[in-house]
Amino acid sequence: MKLPGIGEKTAIRLAFFVLDLPEEDVQQFANALLDVKSKLRQCEICGNITEQNPCRICADETRDQTKIMVVEESKDVMAFEEINGYHGLYHVLGGVLSPMDGVGPEELNLKSLITRLQKQDQVTEVILALNSTPEGESTAMYLKKLIKPAGIKVSRLATGLAVGSDIEYASSLTLKRAVEGRTEL
Numbered sequence: 486m487k488l489p490g491i492g493e494k495t496a497i498r499l500a501f502f503v504l505d506l507p508e509e510d511v512q513q514f515a516n517a518l519l520d521v522k523s524k525l526r527q528c529e530i531c532g533n534i535t536e537q538n539p540c541r542i543c544a545d546e547t548r549d550q551t552k553i554m555v556v557e558e559s560k561d562v563m564a565f566e567e568i569n570g571y572h573g574l575y576h577v578l579g580g581v582l583s584p585m586d587g588v589g590p591e592e593l594n595l596k597s598l599i600t601r602l603q604k605q606d607q608v609t610e611v612i613l614a615l616n617s618t619p620e621g622e623s624t625a626m627y628l629k630k631l632i633k634p635a636g637i638k639v640s641r642l643a644t645g646l647a648v649g650s651d652i653e654y655a656s657s658l659t660l661k662r663a664v665e666g667r668t669e670l
């Protein structure tokens with residue numbers, strides 16, 4: 486039940502499922518869980534979860550070295566890599582600013598981003614790929630203020646209506662963003 490999204494009934498179902506598995510499968514599963522804790526770590530450059538240091542993305546010299554996409558979590562990197570539509574670098578913050586939860590700039594992977602931008606003078610654009618939450622918005626504004634003085638372009642992902650959604654059910658902020666982020670056909 487300690488796993489996210491697993492209630493008591495599901496936990497019981499999973500426990501009985503594990504009981505029915507051959508001991509070898511249970512051992513492999515247990516080893517896989519232990520490997521996650523012992524073999525995975527954060528990339529020293531971007532903060533992504535990796536087995537090697539630097540991660541395969543940072544080590545890939547064929548990637549566009551002029552762009553860094555800033556994301557909240559490593560799972561966001563996985564989502565962008567899955568679409569195969571972005572070939573630049575990443576930087577994982579490890580969360581967003583949230584004073585109510587005690588998360589300030591010191592708790593995020595910000596210092597290494599600024600150091601990285603100072604060392605890698607070929608970076609011309611930082612793409613902020615943060616969730617459209619109040620915390621994501623405040624983090625984006627904070628990052629913009631930090632990065633803009635260095636003369637680096639700061640952009641955000643387009644926001645607005647999701648594909649397949651109905652306009653009548655969209656919030657006023659979503660509609661406003663959709664109008665502001667419109668593109669020419």
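Each residue of the sequence shown is one higher than the one before, starting from 486 at the first, in my numbering. The beta carbon of each residue, even a glycine, is placed where N, CA and C say it ideally should be. Computed from a prediction, not measured in an experiment: that's the story for all the values here.
Is it buried or exposed for residue i, if we count other Cβ within 10 angstroms and need 16 for buried?
i           : result
residue 654 : exposed
residue 581 : buried
residue 503 : exposed
residue 533 : buried
residue 561 : buried
residue 522 : exposed
residue 524 : exposed
residue 598 : buried
residue 660 : exposed
residue 628 : buried
Looking only at its own chain, which residues have a Cβ that is under 8 Å from the Cβ of residue i, when we skip the five neighbours before and after it?
i           : result
residue 666 : 643, 644 and 645
residue 589 : 582
residue 565 : 554, 556, 571, 575 and 614
residue 657 : none
Can you list, in chain order, the residues of its chain whose CB lies under 6 Å from that of residue i, leaving out five sequence neighbours each side?
i           : result
residue 578 : 557, 593 and 594
residue 632 : 611 and 639
residue 617 : 644
residue 601 : none
residue 496 : 486
Chain D beta carbons: is any one of them nearer than 8 Å to that of residue i?
i           : result
residue 567 : Absent from the structure is chain D; it holds one protein chain and no more.
Starting from the C-beta of residue i, find all residues in its chain whose C-beta is less than 7 Å away, skip the five residues before and the five after it, and write them out in chain order.
i           : result
residue 548 : 542, 572, 573 and 574
residue 641 : 613 and 625
residue 620 : 581, 582 and 583
residue 662 : 644 and 645
residue 536 : 524 and 525
residue 490 : none
Just confirm the distance between the C-beta atoms of residue i and residue j, as a whole number of angstroms; I'd bet it's less than 8 Å.
i           : j           : result
residue 529 : residue 538 : 5 Å
residue 637 : residue 664 : About 27 Å; that fails the 8 Å criterion.
residue 550 : residue 605 : 7 Å
Inside the segment 518-589 only - alpha helix (DSSP H) runs reaching at least 4 residues: DSSP runs (the alpha helix (DSSP H)) wholly in the segment 518-589: 541-544 and 559-568.
At least three beta-carbon pairs within less than 8 Å, the segment 643-662 to the segment 581-595: These segments do not touch.
Meets three-Cβ-pair contact criterion under 8 Å: the segment 506-525 and the segment 562-579: Because the criterion of three Cβ pairs below 8 Å is not met, the segment 506-525 and the segment 562-579 do not touch.
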